[in-house]
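Participant:
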Amino acid sequence: MLTVRKSQDRGHADHGWLQSYHSFSFAGYHDPEHMGFGNLRVINEDRIAPGMGFGTHGHRDMEIISYVLSGELAHKDSMGNIKGIPPGDVQRMSAGTGVQHSEFNHAQGQTTHFLQIWLLPDVQGIAPGYEQKTFTDAEKRGTLRRVASPDGAEGSVKVNADATLYAGLFDGAESAHLALDPARKAYVHLVRGSLKANGQALSAGDAALIERETALALSDGQDAEVLVFDLAP
Numbered sequence: 001m002l003t004v005r006k007s008q009d010r011g012h013a014d015h016g017w018l019q020s021y022h023s024f025s026f027a028g029y030h031d032p033e034h035m036g037f038g039n040l041r042v043i044n045e046d047r048i049a050p051g052m053g054f055g056t057h058g059h060r061d062m063e064i065i066s067y068v069l070s071g072e073l074a075h076k077d078s079m080g081n082i083k084g085i086p087p088g089d090v091q092r093m094s095a096g097t098g099v100q101h102s103e104f105n106h107a108q109g110q111t112t113h114f115l116q117i118w119l120l121p122d123v124q125g126i127a128p129g130y131e132q133k134t135f136t137d138a139e140k141r142g143t144l145r146r147v148a149s150p151d152g153a154e155g156s157v158k159v160n161a162d163a164t165l166y167a168g169l170f171d172g173a174e175s176a177h178l179a180l181d182p183a184r185k186a187y188v189h190l191v192r193g194s195l196k197a198n199g200q201a202l203s204a205g206d207a208a209l210i211e212r213e214t215a216l217a218l219s220d221g222q223d224a225e226v227l228v229f230d231l232a233p
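Here the sequence shown is numbered in my numbering, starting from 1 and rising by one per residue.
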């Protein structure tokens with residue numbers, strides 16, 4: 001079963017300096033029908049105005065992935081990490097027993113556009129951790145590149161969650177096929193462009209929620225960038 005959720009059906013928060021679209025209930029947006037999917041809890045599509053950002057705040061017991069689309073995100077945390085996250089990088093922060101961090105857009109005249117993703121961890125109370133890796137467009141072109149996984153397979157960042165994240169770029173005749181375990185769940189989030197997932201048309205910001213399927217086929221992309229999650233039931 002594949003269910004499409006349209007971009008315009010997401011929650012939206014307008015903070016002036018921040019435009020945020022929530023795929024699942026978050027902060028002031030609450031929808032009991034969309035509290036998460038499997039162990040995927042949050043996908044926020046954020047645009048941060050130049051010179052603005054999130055001041056220091058805390059997290060606990062969550063696997064947090066940042067995926068930057070344009071601009072750059074400046075990250076600083078209580079573990080001592082001070083990093084810039086450019087497009088193509090995937091950052092994983094394990095909040096564990098507790099971490100404080102801030103995220104800012106220091107670029108003048110350029111909006112930072114990124115996805116903030118939260119996964120529920122397998123085990124609570126672990127030591128906080130951080131990892132960041134670069135995945136080039138060439139690695140993602142016409143394929144699903146594993147970028148996060150429980151075991152760090154294929155050079156992906158390691159998450160303390162029963163979930164694997166793939167990223168891909170598709171245009172024209174490019175296509176990909178991913179075998180699925182029908183006992184698990186899969187989630188497709190189209191970042192930009194247009195694409196078909198198992199024949200269903202998706203536009204930027206749309207998602208496909210997949211259950212009890214044995215395969216995912218991606219095709220007919222037009223300047224498409226996509227994230228695919230293999231998730232615990």
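Each residue gets a CB set at the ideal place from its N, CA and C atoms; glycine is no exception.
Just so it is clear, the structure is predicted and the values come from calculations on it, not from any experiment.
What are the uninterrupted segments assigned as beta strand (DSSP E) that are 3 or more residues long and contained completely in the segment 50–80, given in chain order?
Facilitator: Counting whole runs of 3 or more residues, the segment 50–80 contains the beta strand (DSSP E) stretches 53–59, 63–70, 73–77.
Participant: Run the CB neighbour count on GLU154, radius 10 Å, all protein chains shown included, and call it buried at 16 or more, exposed below.
Facilitator: Exposed: under 16 other Cβ atoms inside 10 Å.
Participant: Using only alpha-carbon positions, find the residue among PRO50, LYS158, TRP17, PHE26 that is nearest to ASN44.
Facilitator: Checking every option, the nearest Cα to that of ASN44 belongs to PHE26.
Participant: Counting beta carbon pairs with one atom in the segment 49–63 and one in the segment 87–107, are three or more of them shorter than 8 Å?
Facilitator: Contact holds: three or more Cβ-Cβ distances are below 8 Å.
Participant: Considering only DSSP beta bridges, list what THR214 is partnered with.
Facilitator: Per DSSP, none; premise fails for THR214.
Participant: Would GLU139 and ARG192 qualify as a contact pair, given that the criterion is a beta-carbon distance under 8 Å?
Facilitator: No, they are not a contact pair.
Participant: Please classify GLU174: does DSSP put it in a helix, a strand, or coil?
Facilitator: In this structure, GLU174 counts as coil in the three-state DSSP scheme.
Participant: Which same chain residues end up closer than 7 Å to GLU131 when comparing Cβ atoms and leaving out the 5 residues on each side of it in sequence?
Facilitator: The residues are ARG92, VAL157, LYS158.
Participant: What does GLY168 pair with, by DSSP beta-bridge criteria?
Facilitator: Partner(s): VAL226.
Participant: Within this structure, are the beta carbons of LEU165 and ALA148 separated by less than 8 Å?
Facilitator: Yes, these two residues count as a Cβ contact at 8 Å.
Participant: DSSP state of ASP206, grouped into three classes?
Facilitator: ASP206 falls in the coil class under three-state DSSP.
Participant: With DSSP collapsed to three states, give me the class of SER7.
Facilitator: Helix, per DSSP.
Participant: Where does GLY96 sit, in a helix, a strand or coil, going by DSSP?
Facilitator: Residue state, collapsed to three classes: coil.
Participant: Compare the beta carbon distance of ALA201 and SER194 with 8 Å and say whether it is the shorter of the two.
Facilitator: Cβ distance < 8 Å, so ALA201 and SER194 count as in contact.
Participant: Grab the span of the alpha helix (DSSP H) containing ASP162 for me, first residue to last.
Facilitator: Where ASP162 is concerned, there is no enclosing alpha helix (DSSP H), given that its DSSP letter is neither H nor E.
Participant: Just curious, the alpha helix (DSSP H) that GLU45 is in, first and last residue?
Facilitator: Per DSSP, GLU45 belongs to no alpha helix (DSSP H); it is in the beta strand (DSSP E), 40–48.
Participant: Using CA atoms only, rank isn't needed, just tell me which of LEU209, GLN108, HIS177 is closest to SER219.
Facilitator: Nearest C-alpha to SER219: HIS177.
Participant: Pull up the distance between the alpha-carbon of ALA197 and that of LEU190, whole angstroms please.
Facilitator: Distance between the alpha carbons of ALA197 and LEU190 is about 10 Å.
Participant: Just reading off the alpha helix (DSSP H) that GLU139 is part of, what are its end residues?
Facilitator: Element bounds for GLU139: 137–140.
Participant: Report, in whole angstroms, the separation of the C-beta atoms of VAL42 and ILE117, which I expect to be a contact under 8 Å.
Facilitator: Their Cβ separation, rounded to whole angstroms, is 6 Å, which keeps VAL42 and ILE117 in contact under 8 Å.
Participant: Just to confirm, are ASP171 and LYS6 a CB contact at a threshold of 8 Å?
Facilitator: Against a cut-off of 8 Å, the Cβ pair of LYS6 and ASP171 comes out as no contact.
Participant: Please state whether DSSP places GLY155 in a helix, a strand or coil.
Facilitator: Helix.
Participant: With 16 as the cutoff for other CB atoms within 10 Å, does MET35 come out buried or exposed?
Facilitator: The residue in question, MET35, is exposed, as its Cβ has fewer than 16 Cβ neighbours within 10 Å.
Participant: So the candidates are ASN81, HIS30, LEU144; which of them puts its Cα closest to the Cα of GLY11?
Facilitator: The candidate whose alpha carbon is nearest that of GLY11 is HIS30.
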